[in-house]
Every structure is written in structure tokens, then in C-alpha cells.
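Colleague: Last residue of the sequence shown: 996 in the working numbering, with the numbers rising by one and none dropped.
Glycine is no exception: its CB is placed at the ideal position from the N, C-alpha and C atoms.
Please read all numbers here as calculations on a predicted model, not as lab measurements.
Pasting a structure here, questions to come.
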Amino acid sequence: MDRKLDFLTKDLIDQAVTEIGNNGIPSKRNGTGYAVKIDKELFPYKLIVTEAAKLAEVELSSDDFHSNENNRLGFEKLSGYKIIDIEEMISFKNLEDIIEIINKELGEFCSKFQYTRKNLLKKGSATNRDKLFIFSDSERDWVINPGGGTEIQYHLFLRNGKLSYGIGFNTQYVPFANKKSPIEYIQPYVYSFLSQPVLLQNLKHYGFDFVIGDLEQLEHLKHDNYVLIGKQFSLKQDQDLYKLPKVQFEEMIEELQGVLFKTYVDVMKQKEKFEKNSILKTMEDSRIDNYLSVLEYKKQIILQGPPGTGKTYTAKKMAEKLTGIKELKISESFIKENFETGQKIENASGKKDFYTITDISEKGISMRSDNSRPWTAMYGRIISKYEDFLNGKKPSNKNGTDPYEIAIAQYLFRNVDTNEKGDYELIQFHPSYTYEDFVRGIEATSNGEKIEYKTRNKKIAKLSLKASENLENSQKSEEELNEKILLEERFESFVEMINDKVDEEGKFPLTPSVSIVGVEEDAFRYKGENGWNSNGNKMHFNDIKKAYLDNNTTRQEIKKNKTLSGLANWHASYYVRVLNAFQQFIEDGEGEIEVKPEEKNENLKKYVLIIDEINRANLPSVLGELIYALEYRGEIVNSMYEVNGKSELIIPENLYIIGTMNTADRSVGHIDYAIRRRFSFVEILADSTVIQNQNAKKLFDEVSKLFIREKDGEVTNSKYLAPDFNYRDIQIGHSYFLVDPKESDADQLEELKLKLNYEIKPILREYVNDGILLKDAEITIEKLSI
211 MDRKLDFLTK DLIDQAVTEI GNNGIPSKRN GTGYAVKIDK ELFPYKLIVT
261 EAAKLAEVEL SSDDFHSNEN NRLGFEKLSG YKIIDIEEMI SFKNLEDIIE
311 IINKELGEFC SKFQYTRKNL LKKGSATNRD KLFIFSDSER DWVINPGGGT
361 EIQYHLFLRN GKLSYGIGFN TQYVPFANKK SPIEYIQPYV YSFLSQPVLL
411 QNLKHYGFDF VIGDLEQLEH LKHDNYVLIG KQFSLKQDQD LYKLPKVQFE
461 EMIEELQGVL FKTYVDVMKQ KEKFEKNSIL KTMEDSRIDN YLSVLEYKKQ
511 IILQGPPGTG KTYTAKKMAE KLTGIKELKI SESFIKENFE TGQKIENASG
561 KKDFYTITDI SEKGISMRSD NSRPWTAMYG RIISKYEDFL NGKKPSNKNG
611 TDPYEIAIAQ YLFRNVDTNE KGDYELIQFH PSYTYEDFVR GIEATSNGEK
661 IEYKTRNKKI AKLSLKASEN LENSQKSEEE LNEKILLEER FESFVEMIND
711 KVDEEGKFPL TPSVSIVGVE EDAFRYKGEN GWNSNGNKMH FNDIKKAYLD
761 NNTTRQEIKK NKTLSGLANW HASYYVRVLN AFQQFIEDGE GEIEVKPEEK
811 NENLKKYVLI IDEINRANLP SVLGELIYAL EYRGEIVNSM YEVNGKSELI
861 IPENLYIIGT MNTADRSVGH IDYAIRRRFS FVEILADSTV IQNQNAKKLF
911 DEVSKLFIRE KDGEVTNSKY LAPDFNYRDI QIGHSYFLVD PKESDADQLE
961 ELKLKLNYEI KPILREYVND GILLKDAEIT IEKLSI
């Protein structure tokens, strides 16, 4: 190096880099085109030297020394950092040309890659050992590594003046790969990648991101998609040549051998354990498709089976597939919103007792039973237990607070709607559940000093209305639907105008002695000065809108309009005044609103109501007239209660009902034949194929001997099962034996022991006490071990 640079030391250079990192690179400075590469960042060579001079109190400007080869080599030797000519370019004509340059630069790595792939996939030979990419089709603007069509793949493309490279996942058809579907081929690789979140984090740390597709497409694979996690470099063009800065080319070469290769190997190493998961997922999808075909035909179905077989889990998966809506993850704030102090939560262990919530704090939800001190269920652990329920798994019961966290999670899973748009809902029946809870009922509300009783639509009536409105709108022309949208928005403006008048003047006169005195959520409140009850009457918005759509203009037309409520017919004199005021409001241009283009169309959607433990309620009493409506979809039935002046109820064609029924629970009544005829029934039984842990599988087999035996090639009741029971109704299911595959082998074993002692043995002992299993089974139960 020049003698002027003798002051430089490694420490001074590192201090200078730190200063530049803190202060930034000046926008106006004299540069030479040379940069120092440090931890994937580039720092101007001369700026580092002049900054180091300042720190050493040496007078030196960028003009006092040269960036010649001698100085650069001396700097590299002293610092250990590489200097790069950022103006040097790699030139190439086309995709084939750059592939040849890349393969040549990678050299022996190509062979290393192919042998690694061969060994990880247990293949007999490595193909094309001297190439990472092979150009074989001039029609394509992309290439992948040889043999990578149905696997995680190295991918590179040249498109629209950009060069992109990275790791890809393909669900498009690959020629000659016909043994499985594209999704079945790629699933193990995708599951392996998603199960190791550090891989995506690491790629993003190096500047990689989704170039094609996104994380949602990886998590929910669909046919004919492609996802690429990569980088893109914009290219310069000089006549027929593309130009890529050499610094970017070297970055690509380094990453193809580094972070991308590590990602590729880590996915390959773990994918084998997910191959069975792919098969199981395919089997599950096939079963759910079969159940859905039955549901589409009958409109209502009951999934029946013994405890722990995944009935609720299956019902939710069916609802998700039918509606296209996935259940959302829950949060701390969501949990807080759905509970209150003093609320009672059913014990999740199956015992017939409850916990009482004593406090809801930032830490968690505190609960106690009649026989215990308060314990706090932590939010993070509640969310973890909830996700276990979502995945069809019984949450582990390792620690002292687990029963409380499981109880909260189970309540949310069974009773609280967490899907994105509310197109499917879940409720749980119990012995005290009534028609007034399910269809329509009367609620008491405070109206000033008075108590007012209002009839409300409940769960199934609300969802039926929502589905009916969608069905009706989907059949409307664009013009009709636009008219409806206009009406709703104009009427909303009209209501605001009347509300303002009432606020300013205390009333909106209809006649000299009768006025609107209040505006509620769905109606005007009107009354006279004398002889009326203190609350007056409700004038429902729907009656005014319906009369408007029916082109009514006079009192007699409203009086004769049988599609309106009885109150509208009886009080037509007051209703027509409001109707005429609305018509004048529109004529005066007060309600002029432009319909946005995206509001013009509405597609037909499917809605689902899941009724968990459907047989625990008195179904004839809860369903009432809906027993008829279930079979005769789209036909009107009359409820015993009127809402908005109408008693009519309709269950539309696009509302589906899925019930679950625990066949082992003899404490509740059976479903009578009239109701049974309205439903299709599907058995959900214990399934050992979903149990992956070998110790758990052995335990499942041992427990199964209490319920079944093989005789003459057929499965029959075991000698331990009481003669008036059938094993299909009683045998405990696979979810009792599922352990977390993400945990270590030791933790999985510990979890399984806890399940055996605190979940499996207790229910088996209860079976003995209830006479389901004979006394002879007690010795076998107590001998169960892992």
C-alpha cells in the first residue's frame, strides 16, 4: 500500500465501518466504483479509509490516495475484507447463456448438490452431476434443478428485464408424474418447510421473500399454483445483451451454495416424516368429501360416535370446506371479550361440575371450583390448548393449571364463533336448552324507567335470514340488486334525517296528535298524545321499505298489502305518512347515492350451523315447527313468536346443519324417528391410522382389547363389554392418544403417561361404574402402562 496508508489497522477499519453504519453514507461524495463487502453489506472503499484517518487524527482526503490494485490488495490483506468493483458487469444474451455461466461458476457445487439430493431421496444414481440448472426448452423463461419437478426445487427465471432465483414449490402438472396428484407429491416438502419456521425467517434475513404466490398459498395448497421464495435483480440492457452487476452475480452464486442449499437440505431431511401426514391428509380430505356429498343431498347430517373420535373437529373441517372460510386464530383480547366475572364454565374433564370465573386480568382468567382455591389460566396456554382442539387433538394435562386452561379453550371451541365472516357458526346443546334459545324468544330490555319485552330471532333464525337474503340477492339481476342497495342506503339517510328532527324538536309529526318520538335499531317509535301506552308502538323499517318496493302510495294499498306486518295493516294511516315522507325525500334528491361497481354482484354462498352434542337437548321441544321446515326447505312455517310483526320462518336451501352426537352418553335421550328421518347419520369411529407415535399406537391397541376382539375374521364385542352395548358406540377414540409431534421423544412419552393416568384410565373406570365395561375389566385397566 501507499505509505500514506501506513496508519491503517484492522481495529481502525472496523471502527470506521461502525461510524459509517451509525451515520450513514453521505449522498454527495467522490466515489471510485470500489466497495468493501462486510457481512453482506457494501461500504465505499475510500470512505472507510478517510473515516479511519479521522479516527487516527491523520489528515487524508479521498484525493490523496488511489484505488489501484496495490492499495486494494494491501487493504484486503490487512482487514480480511473483500473489495468489489461494483461497476463490473456480467453480460449474457438470454436464459441459456446465463445458465451456462452460473453452472460454470458453481463448479463442483453442482456435483455436491446432485449427490446430496440422491442420498436424501435414497435414489440409485445422481443425474447431470455437472449442472445445477438444465436448459431444455426454448419456449420457457424458467429453469429448475434436474429432477425437481415434484419436489422442493431450485428455480431461476428471466422475465420482463428481471432475473429471479430461489426455492420453489409446484402444484402444477408435471409430465410423466401420474402416480399421485401434484398436491400429493409436493405436500411433504411444504409441510416440512412450514414445520420449521426458522427456515423462512432465515431466508428473509438474507433478503428473500415471496416473488410468486404467498404464505397463504403454501398453507392452503391448491392445484395449478406455484410459490417461489426468492430474489429479483433488475437488469440493464445494452442492445442484445443483458447486464447484471458482478456484485449481484456473486451474491447469487454465494446464496445458491449457502442459505438456499441449507434450506433445501433441511426440508429434504424432514420431509420423510411428513409423507405419512400427506397420506393421512389425503384420506381425511377424501372422508370429508364423502360426508359433504351426503350433506349436500340431505341438507342436515349428524356425525355420531363414541368420545374422542373427532366429531366436532370433522364438523368444523366440513364447514370450512363448504363455506371456504377458515377458522381464525384466537387472541388475548378475543378471550377477554368472551368471558365475564361470575360466569360458570363446564369442567373439561367430563365431570358434571363447573368452574366459576373470579377475575379477568392482564395475566389470565382466574377460576375456582367449589372445592379449590382460585387458579389462573394463562392466555398463551389457553390459545395453545384451543389450537389442539382445532387440530382434533385432546390437549395435554401436564401441569396444575392445565384443567382450567383446557376448560376455557373447550368453551371457546364449542360455543364461540371464530370464523372470519360468520358464514358458519357453532353452538352446543344441553339439557336445559329451549326453543327460545335456538329459534325465537322474548328478551327483557330496559327502556328508561320501563321494562320492555322484545321478541328476538335466535341462532338458527338469524342464520336462516342471512342465508335467505344471500339466496335472494344471488338470483337478482344487477339492476334489481343495485335498486336494493340504493334503497338501503337512501333509507339509512332518511332515518338519520328523522333522528335529527327528533333530537332537535323532540318529535317528527305524523298527524296533529301522533308523532315519531324515537329511532331504534330497526324501527321508529311512534305514539299519540293521549290514550297510548307510555312506550308507544314500533314501526319497523322493513315494512316501509317493502311498501316502497311494492309501489304502495295510499293508506288502502298498505292496508291490503298482506306481505306487511299486521301492525302495518292496522295502523296504515300512520305508516302511509312515513312512506310518503320517504318517497318525497327521494324525489327531492335528498337520498341520491351512487352505487359502487363492486357492490353490483352477489354470489350464492353456503352457510353452516354446527350443533355440538345435538342429542343432549329435548329436540322436539327445541326445534318446534322447524321439524317440518328442515324437510321442506324454502317453505314458510309459522313460529309461535312474531318478530317485526311477522311469524313466518324459512330455512333456505343454502343453509346446512351438522350435528354431533356422543353415542356413549346414555344420560340423555335418543332422537325420535320423526326427527331422525330429517337427518342423515354418519359414524365417526376410532381410527388408529392417525396415531403416529409408536408408544401411543401400542397403548391404543391395548385399550382396544377392552372393547373389541377378532372372531372368524370379523371384529366383535370383547368379553369385557356388557352384552347390551356395541363397541361402535363405546370404544374411546384416537384423540385420547395423540401427542404433540413437535415435542421431543421424551416429552411425547411424558405427555402420553399423563394422558393415560388422567384421561384414559378415568373414563375407563367410569365405564365400569356405569356398567358399560364389566367388573372383569378393572384388572386390565389398572395394568395399562407405557
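Span of the beta strand (DSSP E) holding Y930?
Modeller: Counting along the chain, Y930 falls outside any beta strand (DSSP E), and DSSP gives it neither H nor E.
Colleague: Going along the chain, which residues of its own chain have a beta-carbon closer than 7 Å to the beta-carbon of V227, five neighbours each way excluded?
Modeller: Excluding sequence neighbours, V227 sits near I248, F253, I258.
Colleague: I need the straight-line Cα distance from S995 to L909, nearest angstrom please.
Modeller: C-alpha separation (whole angstroms): 8 Å.
Colleague: With distance defined between alpha-carbon atoms, name the residue in P356, I670, F704 nearest to N1008.
Modeller: Residue 1008 falls outside the range modelled here, since the chain spans only 211 to 996, and no answer is possible.
Colleague: If the criterion is Cβ atoms closer than 8 Å, does the pair L215 and A266 meet it?
Modeller: It is not a contact, given that the beta carbons lie outside the stated cut-off.
Colleague: Does V408 pass the burial test, meaning 16 or more other C-beta atoms within 10 Å, or should it be called exposed?
Modeller: Label assigned to V408: exposed.
Colleague: What residues in its chain sit with their C-beta under 7 Å from that of R888, if we drop five residues either side in the sequence?
Modeller: Cβ neighbours of R888 beyond the five flanking positions: Q510, I837, L840, E841.
Colleague: For K717, which three-state DSSP category applies?
Modeller: The answer is coil: DSSP assigns K717 none of H, G, I, E or B.
Colleague: Could you check the C-alpha separation between F1025 and E682 for me, to the nearest Å?
Modeller: Missing from the structure shown is residue 1025; the chain here goes from 211 to 996 and no further.
Colleague: Among the residues of its own chain, which have a CB less than 7 Å from the CB of D897, if the five just before and after it don't count?
Modeller: Excluding residues within five positions, the ones whose Cβ falls inside 7 Å are H944.
Colleague: Any chance the segment 496-503 sits against the segment 416-433, with 3 or more Cβ pairs inside 8 Å?
Modeller: At 8 Å Cβ cutoff, the stretches do not touch.
Colleague: Return the CA-CA distance between K603 and A525, expressed in angstroms with no decimal places.
Modeller: About 14 Å.
Colleague: Spell out a yes or no on whether the segment 619-626 and the segment 539-558 are touching, meaning 3 or more CB-CB pairs, one atom from each, closer than 8 Å.
Modeller: The segment 619-626 is in contact with the segment 539-558.
Colleague: My guess is that D950 and Q941 are in contact by the Cβ rule of under 8 Å, so how many angstroms apart are they, rounded?
Modeller: Not quite, the Cβ-Cβ distance comes to about 24 Å (not below 8 Å), so this is no contact.
Colleague: Below 6 Å CB to CB, which residues in the same chain sit around I867 once its five sequence neighbours on both sides are set aside?
Modeller: Excluding sequence neighbours, I867 sits near Q510, L819.
Colleague: Would the beta-carbon of L218 fall within 8 Å of that of A245?
Modeller: Contact flag unset, no.
Colleague: Just the C-alpha distance for I652 and I670, rounded to the nearest angstrom, thanks.
Modeller: Roughly 15 Å separates the two Cα atoms.
Colleague: From the DSSP output, which residues share a beta bridge with W585?
Modeller: Bridge partners of W585: M577.
Colleague: Check each candidate in Y395, G378, F379 and name the one with the smallest Cα separation from F386.
Modeller: Ranking Y395, G378, F379 by Cα distance to F386 puts Y395 first.
Colleague: State the Cα-Cα distance for the pair V805 and E714, rounded to the nearest angstrom.
Modeller: Because V805 sits at a pLDDT of 46, beneath the cut-off of 50, its placement in the model cannot be relied upon, and the point is left open.
Colleague: Once DSSP output is grouped into helix, strand and coil, what is the label at I540?
Modeller: In this structure, I540 counts as coil in the three-state DSSP scheme.
Colleague: Taking 6 Å as the limit between beta carbons, can you name the residues of its chain near S402, skipping five residues before and five after?
Modeller: Cβ neighbours of S402 beyond the five flanking positions: V477, Q480, K481, F484.
Colleague: Which value, in whole angstroms, describes the spacing of the CA atoms of E969 and Y474?
Modeller: Looking at the two C-alpha atoms, the distance is approximately 41 Å.
Colleague: Could you pull the start and end residues of the alpha helix (DSSP H) that I940 belongs to?
Modeller: It spans 937-940 - the alpha helix (DSSP H) in which I940 sits, taken as one unbroken run.
Colleague: Looking at the structure shown, is Y884 part of a helix, part of a strand, or coil, going by DSSP?
Modeller: According to the sequence displayed, residue 884 carries Ala and not Tyr. Helix.
Colleague: Under 8 Å, do N747 and K737 count as touching if we go by C-beta distance?
Modeller: Against a cut-off of 8 Å, the Cβ pair of K737 and N747 comes out as a contact.
Colleague: Hey, could you find the ends of the alpha helix (DSSP H) S914 is sitting in?
Modeller: Its alpha helix (DSSP H) spans residues 904-914.
Colleague: In chain order, what residues of the same chain have a beta carbon less than 6 Å from the beta carbon of N607, not counting five sequence neighbours either side?
Modeller: Within the same chain, N607 has close Cβ partners L964, Y968.
Colleague: Give the single residue among N813, W742, V469 whose Cα lies nearest to the Cα of K250.
Modeller: Of the listed residues, the one whose Cα sits closest to K250 is V469.
Colleague: Tell me whether the beta-carbon of Q447 lies closer than 8 Å to the beta-carbon of G371.
Modeller: Contact flag set, yes.
Colleague: How is the beta strand (DSSP E) around Q447 delimited, first residue to last?
Modeller: Segment 446-448, the beta strand (DSSP E) holding Q447.
Colleague: What's the gap between the Cα of Q427 and the Cα of S405?
Modeller: Whole-angstrom Cα-Cα distance: 15 Å.
Colleague: Just tell me which of Y785, D760, R583, E550 has its CA closest to the CA of I575.
Modeller: Nearest option by C-alpha distance: E550.
Colleague: Does the segment 300-313 come close enough to the segment 323-332 that 3 or more CB-CB pairs lie under 8 Å?
Modeller: No, the segment 323-332 does not touch the segment 300-313.
Colleague: So, at 7 Å on beta carbons, what are the nonlocal neighbours of Y416 in its own chain, with the 5 sequence-adjacent residues on each side left out?
Modeller: E465, V469, listed in sequence order.
Colleague: Taking C-alpha atoms, which residue in S346, I894, V978 lies nearest to F935?
Modeller: For the residues S346, I894, V978, the minimum Cα distance to F935 belongs to V978.
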